[in-house]
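S.K.: Once you've had a glance at the structure underneath, I'll fire off some questions.
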Amino acid sequence: MEIKIQDFTPKYNQMFFFDNNIWMFLFSPIGNYEKNKQSSISNFLRQLKTYNCDIVLNSLIISEFSNSNLRLDFNLWKNETKNYTADYKKDYLASSRYKNTEKVIESCINQILKLSERFSDNFNSINIENVLMNFKTIDFNDAYYLELCIQNNWFFVSDDGDFQKVSHSATILKP
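Residue 94 in full-length UniProt numbering sits at position 94 of the sequence shown; the count goes up by one each step and never skips.
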């Protein structure tokens, strides 16, 4: 089931899992796009904090956040320097641009960590068959997050439209 976040009223102590795209809207130093969604998500985050709700976070989201931002910046850097054939590992990771961007991303990650609760995903107990079944249709990480939310009875906050392609029992909250 999908619900728009502006049509959803949280209750005290509920638990929410933010997809990487939500964290990107909130904290990506490069993003700065779709201001209406950014505002809507920021307001929703404030509302969750007012209701003492937890935003759970795992290491995979942090990995996605950092890698997505670095890849975005790498592409910007290639265009700015007109070095269109630059190699990510050989050229970009050795650049001062990377070092500066990494520091900014680290600061964003620290802000995310302050707003969320770290959660071990207990990979050993996840229903991997469901993940792999959904992986036939949607991204692996999305299938994994979906199963994690179902298993833990969390609300899944995401701007991804792919979840309509698979059958599931999760509640997806969309900006």
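Even for Gly, the Cβ is constructed at its ideal location relative to N, Cα and C.
Keep in mind the model is a prediction, meaning the values are calculated, not measured.
Can you list, in chain order, the residues of its chain whose CB lies under 8 Å from that of L148, leaving out five sequence neighbours each side?
M.R.: For L148, where only same-chain residues beyond five positions count, the Cβ hits under 8 Å are F17, N58, D121, I126, W154.
S.K.: So I55 and N20 are in contact, right, with Cβ under 8 Å, and what is the actual spacing, rounded?
M.R.: Between N20 and I55 the Cβ distance is about 13 Å, and since that is not below 8 Å, they are no contact.
S.K.: Which partner residues does L57 have in the DSSP bridge list?
M.R.: According to DSSP, which records beta bridges pairwise, L57 is partnered with R118.
S.K.: Quickly, what does DSSP pair K174 with across the bridge? List them, please.
M.R.: Answer by DSSP bridge pairing, in chain order: K4.
S.K.: Given that a residue counts as buried once 16 or more other Cβ atoms are within 10 Å of its Cβ, and exposed if not, what is F65?
M.R.: Under this definition F65 is a buried residue.
S.K.: From K37, L115, N67, V166, pick the residue whose C-alpha is nearest to that of Y88; which is it?
M.R.: Per the Cα distances, N67.
S.K.: Just checking, does the stretch 132-143 make contact with the stretch 155-175 on the three C-beta pairs under 8 Å criterion?
M.R.: Yes, the stretch 132-143 is in contact with the stretch 155-175.
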